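Note that the sequence shown covers residues 390 to 590 in my numbering. Cβ atoms here follow ideal geometry from the backbone N, Cα and C, with glycine treated the same way. Everything numeric in this text was worked out from a predicted model, so none of it was measured.
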Amino acid sequence: MDNPIRTAEYLARLSKRRSDLQGQIAGLLPSAAHFVCEFGCGHGHFLAAYAAAHPDQLCIGLDISGERIARAVRKRDRAKLTNLHFVHAEARDFMDCLPTDATLADVYILFPDPWPKRRHHKNRLLESDFLEIVARRAGQGTRLFFRTDYEPYFREAESLLQQHPAWEITPGAWPFEQVTVFQSRAAKHYSLTALRRRSSA
390 MDNPIRTAEY LARLSKRRSD LQGQIAGLLP SAAHFVCEFG CGHGHFLAAY
440 AAAHPDQLCI GLDISGERIA RAVRKRDRAK LTNLHFVHAE ARDFMDCLPT
490 DATLADVYIL FPDPWPKRRH HKNRLLESDF LEIVARRAGQ GTRLFFRTDY
540 EPYFREAESL LQQHPAWEIT PGAWPFEQVT VFQSRAAKHY SLTALRRRSS
590 A
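What follows is the structure, given as structure tokens:
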């Protein structure tokens, strides 16, 4: 049986978390922001290197681990990267809290948790609904870069992107490379790039 008091407390905490996140994001993004995003940025190795190489681009990394974000922020501050921000947030919460005029430029998803057990697949980040959420906030020509060391997850992501009407898998080398901690530990990895299709509207 549901406990109405606990339910109310949970909903209140959720509402405050979303409100705080909206305020944080609004403070980071200029009006009509167009930014590069890394979902699951870890300690910020990749995005810090990317932001240093692209000082004219606004970059935001997010992760569900506060400890990882704290380390990423220290890395950013040491490098004095004013175009880079890190946010402690779950990916869907972050997307829900974006200002309506903000759009995604390139999107990176590097070595996310593969949740290998079938009963846990629902927890994977790359699911059809999330691809739709990203597509709705994508700018013209937005690309999604995905990399994993777990081949079954790669094949599933590849199939999802092939079937999704908003995305088209495209060939070619990645425009920027930086070896992440997970990549350095992987014996092999798999990569793909998907382009946001033009709207038919």
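Of the residues G455, A491 and L520, the one whose Cα lies closest to the Cα of I498 is L520.
Counting along the chain, the unbroken beta strand (DSSP E) around A583 starts and ends at Y579 to R585. Here L470 has A437, A440 and A441 as same chain residues with Cβ atoms under 7 angstroms from its own Cβ, once five neighbours each way along the sequence are excluded. Check the Cα spacing between L417 and each of Q552, I449 and E557: the tightest is with I449.
Pairing R587 with R532 gives a Cβ-Cβ distance that is not under 9 angstroms.
Per the coordinates, the alpha-carbon of P488 lies some 22 angstroms from the alpha-carbon of I458. In the DSSP assignment, A494 falls within the unbroken beta strand (DSSP E) covering T492 to L499. Excluding the 5 residues flanking it on each side, H553 has same chain C-beta neighbours closer than 6 angstroms at L520, in chain order.
One alpha carbon belongs to Q446, the other to D495, and they sit about 10 angstroms apart. Distance from the CA of A583 to the CA of K464, rounded to the nearest whole angstrom, comes to 29 angstroms.
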